[in-house]
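Written below as structure tokens is the structure these notes are about.
Protein chains in written order, with the numbering used here: chain A, 6 to 100; chain B, 8 to 513.
This is the structure:
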């Protein structure tokens, strides 16, 4: 999977864009994400904290980064391990 | 990847929020996305290869930019200030194009060609009425094609891919970072890279855009007050005219203006100091970038401006003349003429690498094998990575084997209280290879100092090798509309003089 690829949740509205990827199964709401939109079912209660639009999510090793481009009820994980919200590093506006 | 994602996210998160105001007409993010989708339907059915804008800034610019992106067509903003012959040549290069804007001029210049032209209001009406495009078209991955200003040669068609522009925005802007009542005043023309990056970053930050179609300092000040503008970007020439108004006593309350960014040309040191003192509560940011790098690659931030202004340490003080440090997502390197990387403190050509760096033209790519782009700008880095510009690599004066930056001479000349503006150029010299010639402009009401006084000023501050051989007084220096000095025009003023007339200067 290349940076820029889009993935859709299979259990909620969440959509993400890949910023960095090394390996692993990317999941939302506890279920593997897909390239096409096919949401049915509902998120696993263990992965139902939600995903926020415009936020970045990373793994503990910082080898994987996702940008949430559409919010949803499921939360993001890779190989069953929850991803963390990445701190924003604000730059002054230059445009 | 598609830049339309930025507008889709904004409309998804805040459909009702005000996105843009131009000539008193308001657009929400939902309305803007709806129009871009309608425009895409309209554009993709036109049989044209690209979408050109030949117009001042208005709501039509974002609708055409995002509409073109959804239709998989490159967006090509054209400089409406070009002379007929130059514009005609560009129209020929982009045919068949869907052109939004000046229908009369297109009919006159490209009547026989395969072009489709629609006026601004008709285009917006058609975009709002058309069925939204069901699914975006991938296209060839080019989001924008921008003709460089061509101050040295014929304009080059720089290509910016969706990946370049998205890389820039996602690397520098936090989604929805603006407060609900923030507003950005957009006064740069749409055909400039800063005009495109202003649209993209404002949309992604959810910052309301206030469009000023044509810059005028009084209109700018009025709009800042009237629309409670919090952010603005200006080129140095614009800042100079704004500061002149303020110093002349324009009664304007600028307390809402939290952040003022500038770039697009060299900022005279005296001007930025005047501005910082006139607006003590405003955060200043210097942004350095090029068309080919999707806008900003280095930043000098607000804290660094204030630190430098008040600094006793000459190294910190000097940073007011720096363009700051590389963005975290960008690498900058200084190289000599053989391509070898240079250490801090040494001047060479600025090279840049990063996702946002395109370095690609319609005809060829200028990137080297490792992805570095040679900017053709000369400069150096200090020990802490602050970048200093020393003019275009082509503008460096080589006198007797010594490289001289025009800027160092110009800064000394404009420090004279009676000199308003100055430009130094190299002119052919049989003795030195190149000799230094300067053109100066006197401050209104001040008698212009004589050539000998100016030579003595340069000699006392710099080395004798920097002393200009020729001095000419002009009413104004030649600039293009974005404030870029046209050095070729100045060079043309000076003819090499015969050896018998040389005056024995070192």
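Built from N, CA and C at the ideal position, the CB exists for glycine as well.
According to the DSSP assignment, residue 169 (chain B) belongs to no beta strand (DSSP E) but to the alpha helix (DSSP H) extending over 169–179.
Secondary structure of residue 61 (chain B) (DSSP, three-state): strand.
The residue among B:242, B:390 and B:358 with its C-alpha nearest the C-alpha of residue 99 (chain A) is B:242.
For residue 59 (chain A), the nearest beta carbon of chain B is closer than 8 Å to its own beta carbon.
DSSP places residue 87 (chain B) in no beta strand (DSSP E); its state is neither H nor E. The CB of residue 394 (chain B) never comes closer than 9 Å to any CB in chain A; the least such distance is about 14 Å. Residues 340, 341 and 342 of the same chain have their beta carbon placed closer than 8 Å to that of residue 348 (chain B), with the five preceding and five following residues left out of the count.
Minimum Cα-Cα distance from residue 32 (chain A) among the listed residues A:16, A:92, A:96 and A:94 corresponds to A:16.
Burial check for residue 285 (chain B): the Cβ neighbour count within 10 Å stays below 16, so the residue is exposed. Chain order gives the chain B residues near residue 72 (chain A) as 177, where near means a beta carbon separation below 7 Å. In this model, residue 80 (chain B) and residue 107 (chain B) are separated by some 14 Å (Cα to Cα).
Contact between residue 164 (chain B) and residue 100 (chain B) holds, with the beta-carbon distance rounding to 7 Å and staying under 8 Å.
By the criterion of a C-beta distance shorter than 6 Å, residue 34 (chain B) is surrounded in its chain by 26, 27 and 66, once the five residues flanking it on both sides are discounted.
C-alpha of residue 402 (chain B) to C-alpha of residue 409 (chain B): approximately 13 Å in a straight line.
For residue 302 (chain B), there is no enclosing alpha helix (DSSP H); the enclosing beta strand (DSSP E) covers residues 302–307.
Between the alpha carbons of residue 84 (chain A) and residue 226 (chain B) lies a gap of roughly 57 Å. Contact between residue 418 (chain B) and residue 448 (chain B) fails: their C-beta atoms lie close to 15 Å from each other, not under 8 Å. In terms of Cα proximity to residue 128 (chain B), the closest of B:68, B:73 and B:53 is B:68.
Listed along chain B are 15, 16 and 19, each with a C-beta nearer than 9 Å to that of residue 75 (chain A). Chain-ordered, the chain A residues with CB closer than 8 Å to the CB of residue 181 (chain B) read 59, 93 and 95. As far as DSSP is concerned, residue 189 (chain B) takes part in no beta bridge.
In the structure shown, residue 435 (chain B) adopts extended strand secondary structure according to DSSP, grouped into three states. Around residue 9 (chain A), the beta-carbon contacts reaching into chain B at under 8 Å are 8, 170 and 173. For residue 124 (chain B), the enclosing beta strand (DSSP E) covers residues 123–125. Residue 90 (chain A) and residue 413 (chain B) have their C-alpha atoms spaced approximately 48 Å apart.
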